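>
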Amino acid sequence: MEAPLVCVLFCYRACLSSLVPLGSVGLFSLHPEPHEALLTLQPGGDCVFGGSRSKGKGMGLHLANISLSPALLRNPWKKEKSPSIRPLLQIYSSSGVALASLLWKSGPVVLLGWSAEEELLCVQEDGSVLVYGLHGDFRRHFSMGNEVLQNRVLDARVFHTEFGSGIAILTGAHRFTLTANVGDLKLRRMPEVPGLQALPSCWTVLFQDRVTLVLLAIGPDLYLLDNTACSGVVPPGLAPGVSDFLQMAVSFNYRYLALFTDTGHIWMGLASLKEKLYEFNCNIRAPPKQMAWCSRPKSKQKAIVVAWERRLLVAGDAPESIQFVLEEDSYLVPELDGVRIFSRNGHEFLHEVPVASEEIFRIASMAPGALLLEAQKEYEKESQKADEYLREIQEREQLPQAVRQCIEAAGHEHQPEMQKSLLRAASFGKCFIDKFPPDTFVRMCQDLRVLNAVRDYPIGIPLTYTQYKQLTIEVLLDRLVLRRLYPLAIQICEYLRLPEVQGISRILAHWACYKVQQKDVSDEDVARAINQKLGDTPGVSYSDIAARAYGCGRTELAIKLLEYEPRSGEQVPLLLKMKRSKLALSKAIESGDTDLVFTVVLHLKNELNRGDFFMTLRNQPVALSLYRQFCKHQELETLKDLYNQDDNHQELGNFHIRASYAAEERIEGRVAALQTAVDEYYKAKNEFAAKATEEQMRLLRLQRRLEDELGGHFLDLSLHDTVTSLLLSGNNKRAEQLARDFRIPDKRFWWLKLTALADREDWEELEKFSKSKKSPIGYLPFVEVCMKRRNKFEAKKFAARVSPEQKVKAFLLIGDVTQAADVAIERRNEAELSLVLSHCTGASDGATADKIQRARALAQRK
3 MEAPLVCVLF CYRACLSSLV PLGSVGLFSL HPEPHEALLT LQPGGDCVFG GSRSKGKGMG
63 LHLANISLSP ALLRNPWKKE KSPSIRPLLQ IYSSSGVALA SLLWKSGPVV LLGWSAEEEL
123 LCVQEDGSVL VYGLHGDFRR HFSMGNEVLQ NRVLDARVFH TEFGSGIAIL TGAHRFTLTA
183 NVGDLKLRRM PEVPGLQALP SCWTVLFQDR VTLVLLAIGP DLYLLDNTAC SGVVPPGLAP
243 GVSDFLQMAV SFNYRYLALF TDTGHIWMGL ASLKEKLYEF NCNIRAPPKQ MAWCSRPKSK
303 QKAIVVAWER RLLVAGDAPE SIQFVLEEDS YLVPELDGVR IFSRNGHEFL HEVPVASEEI
363 FRIASMAPGA LLLEAQKEYE KESQKADEYL REIQEREQLP QAVRQCIEAA GHEHQPEMQK
423 SLLRAASFGK CFIDKFPPDT FVRMCQDLRV LNAVRDYPIG IPLTYTQYKQ LTIEVLLDRL
483 VLRRLYPLAI QICEYLRLPE VQGISRILAH WACYKVQQKD VSDEDVARAI NQKLGDTPGV
543 SYSDIAARAY GCGRTELAIK LLEYEPRSGE QVPLLLKMKR SKLALSKAIE SGDTDLVFTV
603 VLHLKNELNR GDFFMTLRNQ PVALSLYRQF CKHQELETLK DLYNQDDNHQ ELGNFHIRAS
663 YAAEERIEGR VAALQTAVDE YYKAKNEFAA KATEEQMRLL RLQRRLEDEL GGHFLDLSLH
723 DTVTSLLLSG NNKRAEQLAR DFRIPDKRFW WLKLTALADR EDWEELEKFS KSKKSPIGYL
783 PFVEVCMKRR NKFEAKKFAA RVSPEQKVKA FLLIGDVTQA ADVAIERRNE AELSLVLSHC
843 TGASDGATAD KIQRARALAQ RK
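In our numbering, the protein residues as written are 3 to 864.
Right, here's the structure in full:
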């Protein structure tokens, strides 16, 4: 048998200026048989609706698909009206509470629509789009391109995809232009449609495989526009005799498409136009005002809602339909799990009844949830029937299922009393179940408390349970914040015990950003109020709030707020943006972050003239020191200017010393730079540095002369290396003359010459050098140098000439332990005896060791 279609109507009437809830309930039954599908008209939910001026309506209206906020543009442009009359743009909550009202001072509007971020998009005839907030605050504007500007806008659509909210426009040249995301504007001109010389009878936007498409009807033909081509399409199984398509509708998820033909048939199928689901003959050939899909996510039941002036028809796969007579003109708004029916005085929601609700409330239902609900009611009456119902459920082992049904049905109810009744039944039933997990019940109680709070008419966000779960609590909090309902948002966070960073802290930060926009309150009072409310709340950035204050033109308030920001890294960038560079420099220095100081200093350098920049740095020693370090590596000339300004002759001398080697290659240039350094050192009264620099100049000149005369490399060698090079090359006289000229001490020169001759292995010259005069360094170094070159023969010559105090060490160096022992015994030096004894390691040294031991014993007896 055919399944009946039953509809229950819950009215929630609201004038745009007030809201009066009515409790009327009506039941419409078309078939007496048990039903499979149930549709309900009741309050709550999201929707999207648009009315355009081009259709001659008295207002433009859009309801966003996350919460309902009607926007009305009254007194539209008409040729017979005076151009001096300005339209009035009004924004309301879904319950009729006025949110904003402003005079429209721009051009004619073709379409009003809400973005997914709840920004009002006002599409004008010239293709420009003005963006407003929920409270009428202007955000920004953008253009849909020069082509749209030249040809004007005939019709437009606002649509929503995974990329964001987009706008599709039909221009006066009968070409389509669209953008898939108004936040990231990328305009796309669609291909030309052959034969399109006027407005299409109907058109819509599709979204398939991450590509935005346009479907339009021209008489009996359908055309599908993609990025590259325009192709004709034919709906499979379409009834014959169609000469025009009057209306089309795409489902909320872009999976299904409905077409209303001039024959009165409604074709329903996949949006890809590859499969037909079913077709319904409504026997009405008049063009419908609107058409929208009404289906629940993951439901097999599909229905289409068609609206005429005062009639509403709901059709599905059954041959019958449901019809309503409307009291006034209404508008359909498709949403996630139903259809919003919005009129001047009423606000209603049509959706499929969930399975759990159908099972419980069906007439004569024996479902577990229905029996549990009856058992709980009888228990409250203290009737024994409660035990009978409960036993019947337990005998069928369906008690857990009954509890789950009651919990699920409670979520889809809008009346608090019915919610409580179902939850009481669930609570009653789970008492008889061992280890029933309480999470589902507790979570449903929390969700319903939140939903009932936001559904209250002063708040005006009538979400369904399905929409709420799809939306998530985080986004719902964002919507409350957007409506400036901060107390309610905070109460929800506290009730759900959300982490502060995700909940209360974020809401307080939004509140503070709104607070700084109140220009009728003094900066001092606003800053104090924000600090008292926020304090040290984790996750709150005072710098972000200060940035908002600066964006509102309240620079002094922004500075006061930055005083509460504990992170200097967040303070400094905003201070620089506000042209408070000196204050930013002080904050950066206080932070101890050198990178931050460098950032401010370089900003000051670009912002101030050279004199003011240097004067600012003089007052900040830390910044000046860091800038000098920077200049040493990057800007040497600037470093020189800094020293000149400070009359720092010592550093100027150092600067010219470094410059003489870093920049100059010619010896004349180096000597000139060194002479400048000498002058600076004398001004700094540093005679030692001046004399040393003069000596360096002499050495450079001499090294150049040596290169010219002897060849080889001498330039840039130290005095020590220069003498060594001369000695190694055999220029002993030159080396001696250089040592005299630069007053090298005799000990150092003898060491240099001794080492050089040994490196050359010029032993004959080394012996002559040792006999030239008495060695100022002694003769032990001669022994050490010879042994280092493994020349024991020459070392023995010098060992005999070593002073008595060093003879033991000298003989040990050449390996003559016996003579070392004799000298140590003769000198009766205990330390030397121990040293020699430590070298007696082999069997051959046994006699020497005995000799030392006897000498020690003899010394002890004496």
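Virtual Cβ for every residue (Gly too), placed ideally from N, Cα, C. Since the model is a prediction, treat every value here as computed from it, not as a measurement.
What do you reckon, are the CB atoms on L450 and G413 nearer than 8 angstroms?
Yes.
> Of the choices L217, K584 and L628, whose alpha-carbon is the least far from that of C232?
Residue L217 is the option with its Cα nearest to C232.
> For T230, collect the residues of the same chain with a Cβ closer than 8 angstroms to its Cβ; drop the 5 residues on either side in sequence, then sort them by chain order.
So the qualifying residues of the chain are P193.
> What's the C-alpha gap between T596 and K107?
T596 and K107: Cα-Cα distance of roughly 51 angstroms.
> Who are T724's beta bridge partners in DSSP?
Beta-bridge pairing links T724 to no other residue.
> I'd like the list of long-range same chain contacts for L151, defined as Cβ closer than 6 angstroms, with 5 residues on each side in sequence excluded.
Answer for L151: D128 and G129, listed in chain order.
> Grab me the residues of V405's own chain with a C-beta within less than 6 angstroms of its C-beta, minus the 5 sequence neighbours each way, in chain order.
Excluding residues within five positions, the ones whose Cβ falls inside 6 angstroms are A428, G431 and K432.
> Might you give, ordered along the chain, the residues of its own chain that have their beta carbon closer than 6 angstroms to the beta carbon of Q808, omitting 5 neighbours on each side?
Closer than 6 angstroms at Cβ, skipping near neighbours: L782.
> Using beta-carbon positions only, say whether L187 and T179 come within less than 8 angstroms of one another.
It is not a contact, given that the beta carbons lie outside the stated cut-off.
> Give the secondary structure of L189 by DSSP, where H, G and I count as helix, E and B as strand, and everything else as coil.
Reduced to three states, the DSSP call for L189 is coil.
> Among Q520, D522 and E565, which has the Cα closest to the Cα of N533?
The candidate whose alpha carbon is nearest that of N533 is E565.
> Quick one, which of M789, L701 and L730 has its alpha-carbon nearest I746's?
If we check each option's Cα against that of I746, L701 comes out closest.
> May I ask you to list the residues that DSSP assigns as paired with R342?
Looking at the DSSP assignment, R342 forms a beta bridge with V335 and F351.
> Within this structure, are the beta carbons of R88 and L105 separated by less than 8 angstroms?
Yes, these two residues count as a Cβ contact at 8 angstroms.
> For A358 and E415, what's the separation of their Cα atoms in angstroms?
Going by the C-alpha atoms only, they are around 11 angstroms apart.
> Taking all protein chains shown into account, do 16 or more other C-beta atoms lie within 10 angstroms of the C-beta of L90, making it buried, or fewer, making it exposed?
L90 should be labelled exposed.
> Got a sec? Which residues, its chain only, sit under 7 angstroms from L487 by beta carbon, not counting five neighbours each side?
Contacts found: I461.
> Please classify Y497: is it buried, with 16 or more other beta-carbons within 10 angstroms of its beta-carbon, or exposed?
By the neighbour-count rule (16 or more Cβ atoms within 10 Å), Y497 is not buried but exposed.
> Just to confirm my understanding: we take W513, look at its own chain, exclude 5 residues before and 5 after, and list those with CB closer than 6 angstroms. What are they?
Result list for W513: Y488, in chain order.
> Pair every Cβ in the segment 318-325 with every Cβ in the segment 270-284, then say whether three or more of these pairs are closer than 8 angstroms.
Touching, yes, given that three or more Cβ pairs across the two stretches are closer than 8 angstroms.
> Please name the residue or residues paired with G166 in a DSSP beta bridge.
Bridge partners of G166: T163.
> For a quick check, are the C-beta atoms of A894 and L559 less than 8 angstroms apart?
Nothing can be reported for residue 894, as the shown portion of the chain is limited to 3 through 864.
> Taking all protein chains shown into account, do 16 or more other C-beta atoms lie within 10 angstroms of the C-beta of V235, making it buried, or fewer, making it exposed?
Exposed, because fewer than 16 other Cβ atoms sit within 10 Å of the Cβ of V235.
> Considering only the alpha carbon of each residue, which of G713, R703, L654 and E711 lies closest to L721?
The shortest Cα separation from L721 among G713, R703, L654 and E711 belongs to R703.
> Let me make sure I understand the geometry here. Which of I306, Q292, D264 and E766 has the alpha-carbon closest to that of G271?
It is I306.
> State buried or exposed for G713, treating a residue as buried only when at least 16 other CB atoms are found within 10 Å of its CB.
Exposed.
> Quick one: Cα of Y225 to Cα of V195, how far?
Between Y225 and V195, the C-alpha separation is close to 8 angstroms.
> Residue range of the beta strand (DSSP E) that L227 falls in?
Note, L227: beta strand (DSSP E), D223 to L227.
> Classify D48 as helix, strand or coil using the three-state DSSP reduction.
Low confidence applies to D48: its pLDDT is 32, below 50, so where it sits in the model is not reliable enough to give any reading.
> Thinking V810 and E834 are a contact (beta carbons under 8 angstroms), I'd like their distance in whole angstroms, please.
That pair is a contact at about 5 angstroms.
> Would you mind stating whether L839 and A851 have Cβ atoms separated by less than 8 angstroms?
Yes, the pair counts as a contact, with Cβ atoms nearer than the cut-off.
> Could you tell me the alpha carbon to alpha carbon distance between I68 and A118, rounded to whole angstroms?
Its pLDDT being 34, under 50, I68 is placed unreliably in this model, and the value from its coordinates should be taken loosely. Taking the straight line joining both Cα atoms gives about 7 angstroms.
> Quick one: grab the DSSP three-state call for C408.
Helix at C408.
> Between the beta-carbon of L578 and the beta-carbon of H605, is there less than 8 angstroms?
In contact: L578 and H605 (Cβ atoms closer than 8 angstroms).
> Can you tell me which of the three DSSP states S323 falls into?
Three-state result, S323: strand.
> Is T214 helix, strand or coil by DSSP?
Three-state DSSP puts T214 in a strand.
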